[in-house]
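Chains as they are written, first to last, in my numbering: chain A, 553 to 1159; chain B, 553 to 1159. The beta-carbon is built from N, C-alpha and C at its ideal position, and this holds for glycine as well.
Number of protein chains: 2
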Amino acid sequence: MWQTRKAWLKDWAAPVPEGLHTPLQTAEFEARQVGAPVSFTVDKAAGESYTIGQAGDGWQITGGEAGVLYGVYALAHGLKTGKIPQGRQAPFYALRMINAWDNMDGTVERGYAGRSMWFEGGAFSYDPARIRQLGRLLASVGINTLCVNNVNVHQPAQHLVDTLLPDLAAFAELLRPFGVRLMISIDFSLPLQYGLPTADPMDAAVAAWWADRARAVWQAIPDLAGFLVKADSEHRPGPNAYGRTHAEGANMLARAIAPYGGVLVWRAFVYNCMQDWRDTKTDRPCAAYDLYRPLDGQFDGNVILQVKHGPFDFQVREPLSPLLLGMKNTAMDIEFQLAQEYTGHQIDLYAMPPMWREVFDQMGKERVRAIAAVSNLGRDENWVGHPFAMLNLFAYGRFAWNPDEDAEDVIRQWVKMTYDMCPDDENSLMKLLLNSRTVYEKYTAPLGLCWMVRPGDHYGPSPYGYEFDAWGTYNRASRDAVGIDRTEKGTGYAAQYPAELKALYEDPAQCPDEMLLFFHRLPYDHIMRDGRTLIQRIYDDHFEGCEETERMRDALAALSLPEPDRTEVMERMEMQIANAREWRDIVNTFFHRFSGVDDAQGRKIFE
Amino acid sequence: MWQTRKAWLKDWAAPVPEGLHTPLQTAEFEARQVGAPVSFTVDKAAGESYTIGQAGDGWQITGGEAGVLYGVYALAHGLKTGKIPQGRQAPFYALRMINAWDNMDGTVERGYAGRSMWFEGGAFSYDPARIRQLGRLLASVGINTLCVNNVNVHQPAQHLVDTLLPDLAAFAELLRPFGVRLMISIDFSLPLQYGLPTADPMDAAVAAWWADRARAVWQAIPDLAGFLVKADSEHRPGPNAYGRTHAEGANMLARAIAPYGGVLVWRAFVYNCMQDWRDTKTDRPCAAYDLYRPLDGQFDGNVILQVKHGPFDFQVREPLSPLLLGMKNTAMDIEFQLAQEYTGHQIDLYAMPPMWREVFDQMGKERVRAIAAVSNLGRDENWVGHPFAMLNLFAYGRFAWNPDEDAEDVIRQWVKMTYDMCPDDENSLMKLLLNSRTVYEKYTAPLGLCWMVRPGDHYGPSPYGYEFDAWGTYNRASRDAVGIDRTEKGTGYAAQYPAELKALYEDPAQCPDEMLLFFHRLPYDHIMRDGRTLIQRIYDDHFEGCEETERMRDALAALSLPEPDRTEVMERMEMQIANAREWRDIVNTFFHRFSGVDDAQGRKIFE
């Protein structure tokens, strides 16, 4: 039987037994391992909320069915970290999703932790003990929804709504005792495969077909959370093929599943992925706002528009998606990516909480109704490839529960729960994790340029790799300047923001440094606020980023990490250093070849 | 039953029956379709040679066993083209090979004409009728050896020397009546898979193992032509792993197969494919000469060193490999690539005979003892994807038989045998085919720069796609200059040539234009012999190449081509035009961004 090797869950390294059917039963089982007596009072109306109180030499947890389970994990975490939550605890977002990009052939799109935990060879295929551990893992951080299949729905995953329903129901059964509901990604054009001549959402037969499918699906899995749809995006089918709006497409599906309480999560990741690089008018970051803003207010009540946090696609640095600020009458959720597609493949260190803190501070947590993250999980023994990548899953759960979390505090909780370290080591590791994003940002694409990654796998540098491609991802570096002017004089993207932000971004003198080349096309001798030239700032960042990576290695080596974490972490650190050097040298050489400007400090830039 | 749809073989569109066992029987069968009585006299000593004479109202063919078969095809060709060969005809090269890069999973590495004709699902899998047609196709152009599996030997092809021997023998049996012998690619490290602790060629047990294998192989297929080996190349195993030279590695294998008359074809395509782009001393074109020149004279008599025609890898324009001129005491064969890996994927037109004429004129046909070409064949109904790509297979056969062939004459033979055209159409098509290489060269990588193709698939432009990679394929374009100095002042590559050629290549004023940037690093304002600047020449070539492609389309459209050829050709022509436009615009923009120089004629260069 497969067993959790580690995580902050190490207090529960023992397997979860069969035979637990409700979150309360799970809570009672888990409570045995707390080390003190725990009693439960379930108040179904309390839902996911809980209150922890002392009761004699033990504890009393009051809450809803799932609430008591969250309570027992919170109690254990609190005993470990010294902070037991006081008063009633309730999640800010009711829908806290993990979107797994697992394919039924067993691969995971953008997966860096091994193959799928539940698919293989075109079928469900898993060790139930592992799935129970997964349920525990998700519940212990407060995640309540798992979308099981890739948003790019490859065969045979399209049959999750019919022939595979019994298998899906069995899988749902396994996760139900952990308060985790399933969701599935569906293919908008599915009716075509079942003999219908169209998938037009305004066609009555199509609507009836979906209504019939929904009935069958919810009959098999009455607590299914809903459907997730990627439509009219990167060659996925959608309502545009029939001249219908995305509101019309989404609402038709939403009405089919509404009778069962299902939500229809509709991804707003839509842009022209067949752009001609010669076209300087079309600007990919504008696409989602241009498409969806006019539809604001037209979506049904059970539709949630899923918006990536930035206007591109999980780049190292992007401004907040203007859609998240501009849609006033549409329920939205914000989508993060735990899988480190563009942020180091779970080889390079990249702790995400500081980014999320910035996002929520700028957006305001009330702007969205739910939250989603692309999974970083896989079949690797440590779940996530890099032992420290677990921090991002943990922290995501914390932010989904409470978007007011402090980034540093969350990271420290994870460190305390994962490792027994002396204070010096703990502080050293804290510093390293807190800085990891800044370091990664320094040695990769400079100042918000984005997309200098190698096409295809998205690891390592290729400054011109996407330059003449059809993805709308250009830096237009030349001997005189680099970047795209996204102000009113350029593509006009900045005008999608509220007036104050627009003014900030449009003025190169005010625009935050880290987004300067996202919004502006500037000459290499542009003077930054700190007096350096743009080109010198690029060189400095890349030399510093690489040096800091090397210092991270030294700091890591000095930590008393347990095995096998230590070996795994140090191996990946060496890979990160090699990666950082490639980025440093290639980006510096790239800009040196264009600009002809030498480094002011005389450091080595290759020919 | 599968049937040849067309080719110059259309006079033999009827299937080849079962039950033919010798080339003479095949010749007698084929003769029935000549349209006049043909009698045969076999003189075994005549081998592959033949003489065609008139005999009453029919024909008399005298020759060796295979010779009479070649004779009957030559007679038919001659009746069609009006030129019946006079006097005794004999091939200049005894070994005329097609190297198929077919994998046993059914894919063809760098194949552009569908899947493998004889492998599928990890096994031999074919329609015998199709293979007989293949035998006829190869024999009809004089090819006598087919290496059946990819030089990159993936499993299970490594078992062609043992468990798959009966299947290989059955396949050989099918091609024997066409005078076609098989060859197989082997894995140098194979003994390791059979329990030996080493594959060291100087180890007696290894030599004994190979001798034993050879005995079994030739017992099963007594006329097997030999083994083909890619060793110490692109991660393939080889003798270097054991500190042995390639002569030691090749000779050990050669001795194992010598008792059976086998030849050991050893590819000289060896270079460092893990180069650091920062390293400006290492220069990939130098690699083969540096490695093999010191070994000249050390190879056994039945070893043939297979050398690609250029020092890189089948680029659109390369100088002749200096190895072909420098190895005086080693049997070599020259390797061409019919598969249009870098020359348009059998979508873009690229007739190769003019290139081969140049190669043989410069090298001298006596420098090599044999000839090989990577196959452009696949399971497509027309064999080669683009109907006109068949020209390259046909012409290759002609040049392999007689390297003094005239390029234009060979192309005209193919046209006459393939299409019944009026003289105007024939001349129009001739012109188009003869110019196709020049046109392709104009719109792709300029002036011998090489490697501006998209990494991976090698179709379409990506001027910096390989720039920072590990393949040793750089152009080092900057704002001031482009290219690599390969003179004595640079990497020294030019010194590998005989003095006269070295002097020619080292002087930018004498170096042929089309190789100027292969040998030199030059500023954009370098003045070419015709008075244009380097940058203007690049722009001009790219605008012209694209315009000429469009004119080719018009010329093609005006031809009376039969269907389905016409549709296939025109469809591909539209794809070629799109490709030519991409190349034109991307290459021009790339150099405009670096140089800042506008086109003197004010034509559109995109930002």
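Which residue marks the beginning of the beta strand (DSSP E) containing residue i, and which one marks its end?
i                : result
Glu786 (chain A) : Per DSSP, Glu786 (chain A) belongs to no beta strand (DSSP E) and is neither H nor E.
Thr614 (chain B) : Gly610 to Gly615
Gln858 (chain B) : Val855 to Lys860
Val817 (chain A) : Val815 to Arg819
Ile923 (chain B) : Ala922 to Val926
At the level of alpha carbons, what is the spacing between residue i and residue j?
i                 : j                 : result
Val1149 (chain A) : Arg1073 (chain A) : 18 Å
Val859 (chain A)  : Cys1002 (chain B) : 43 Å
Lys596 (chain A)  : Gln685 (chain A)  : 25 Å
Ala1029 (chain A) : Arg1089 (chain A) : 16 Å
Tyr678 (chain A)  : Glu933 (chain B)  : 44 Å
Arg819 (chain B)  : Phe779 (chain B)  : 11 Å
Leu776 (chain A)  : Pro863 (chain A)  : 30 Å
Arg1006 (chain B) : Pro567 (chain A)  : 50 Å
Thr574 (chain A)  : Trp611 (chain A)  : 21 Å
Ala559 (chain B)  : Gly896 (chain A)  : Low confidence applies here, because Ala559 (chain B) scores a pLDDT of 49, under 50, leaving its location unreliable; read the following figure in that light. Their backbone Cα atoms lie some 52 Å apart in a straight line.
Gln965 (chain A)  : Lys983 (chain A)  : 14 Å
Gln555 (chain B)  : Phe740 (chain A)  : Any reading at Gln555 (chain B) needs caution, since the residue's pLDDT is 40, under 50, leaving its predicted position unreliable; the model's value is listed next. For Gln555 (chain B) and Phe740 (chain A), the distance between alpha carbons rounds to 42 Å.
Thr1043 (chain A) : Gly1024 (chain A) : 13 Å
On the DSSP letters alone, give me the boundaries of the alpha helix (DSSP H) that residue i sits inside.
i                 : result
Cys1098 (chain A) : Leu1086 to Ala1109
Arg688 (chain A)  : Pro680 to Ser692
Arg950 (chain A)  : Met942 to Trp953
Thr990 (chain B)  : Pro975 to Tyr995
Tyr812 (chain B)  : Careful: Tyr812 (chain B) lies outside any alpha helix (DSSP H) and carries neither H nor E.
Ser1112 (chain B) : Looking at the DSSP string, Ser1112 (chain B) is not in any alpha helix (DSSP H), and its letter there is neither H nor E.
Met915 (chain A)  : Pro905 to Met915
Gly878 (chain A)  : Pro874 to Gly878
Arg1165 (chain A) : The question about residue 1165 (chain A) has no answer here: the residues shown for chain A are numbered 553 through 1159.
Any beta carbon of chain A sitting closer than 9 Å to that of residue i?
i                 : result
Arg557 (chain B)  : Caution applies to Arg557 (chain B), whose pLDDT of 46 falls short of 50 and renders its modelled position unreliable; the value that the coordinates give is listed next. Judged by the 9 Å Cβ criterion, Arg557 (chain B) is not in contact with chain A.
Pro1075 (chain B) : no
Met553 (chain B)  : With a pLDDT of only 31 at Met553 (chain B), under the threshold of 50, the placement of this residue in the model should not be trusted, and no figure is reported.
Gly673 (chain B)  : no
Arg1155 (chain B) : no
Glu725 (chain B)  : no
Would you call the CB atoms of residue i and residue j closer than 9 Å?
i                 : j                 : result
Arg921 (chain A)  : Tyr645 (chain A)  : yes
Thr750 (chain A)  : Leu742 (chain A)  : no
Met969 (chain A)  : His629 (chain A)  : yes
Thr1141 (chain A) : Glu1159 (chain A) : yes
Leu1056 (chain B) : Arg869 (chain B)  : no
Ile923 (chain B)  : Ser1014 (chain B) : no
Phe821 (chain B)  : Ala840 (chain B)  : yes
Pro906 (chain B)  : Ala952 (chain B)  : no
Phe1143 (chain A) : Ile1087 (chain A) : yes
Gly1168 (chain B) : Arg950 (chain B)  : One cannot answer for residue 1168 (chain B) here, as it falls past the ends of chain B, which runs 553 to 1159.
Please report whether the beta-carbon of residue i lies at a distance below 9 Å from any beta-carbon of chain B.
i                 : result
Pro998 (chain A)  : no
Glu661 (chain A)  : no
His1144 (chain A) : yes
Phe1020 (chain A) : yes
Thr1141 (chain A) : yes
Asp1137 (chain A) : yes
Would you say residue i touches the ligand ADP, meaning its beta carbon is less than 8 Å from a heavy atom?
i                 : result
Leu1086 (chain B) : Looking for the ligand ADP in the displayed structure turns up nothing, as the structure carries no ligands at all.
Worksheet item: Touch check for the region 709-719 of chain B and the region 733-753 of chain B: three-plus C-beta pairs under 8 Å?
Response: Contact holds: three or more Cβ-Cβ distances are below 8 Å.
Worksheet item: Does the region 808-817 of chain B come close enough to the region 755-772 of chain B to have 3 or more Cβ pairs within less than 8 Å?
Response: A contact exists between the region 808-817 of chain B and the region 755-772 of chain B.
Practice prompt. Spell out a yes or no on whether the region 826-834 of chain A and the region 860-877 of chain A are touching, meaning 3 or more CB-CB pairs, one atom from each, closer than 8 Å.
Written response: Result no; under three Cβ-Cβ pairs closer than 8 Å.
Worksheet item: Contact between the region 1107-1124 of chain A and the region 1059-1073 of chain A: three or more CB pairs below 8 Å?
Response: The region 1107-1124 of chain A is not in contact with the region 1059-1073 of chain A.
Worksheet item: Counting Cβ pairs, one atom from each stretch, are 3 or more of them under 8 Å apart for the region 621-635 of chain B and the region 569-589 of chain B?
Response: Because the criterion of three Cβ pairs below 8 Å is met, the region 621-635 of chain B and the region 569-589 of chain B touch.
Discussion item. Closer than 8 Å is the cut-off here; do at least three beta carbon pairs connect the region 608-627 of chain A with the region 654-667 of chain A?
Written reply: Short answer: they don't touch.
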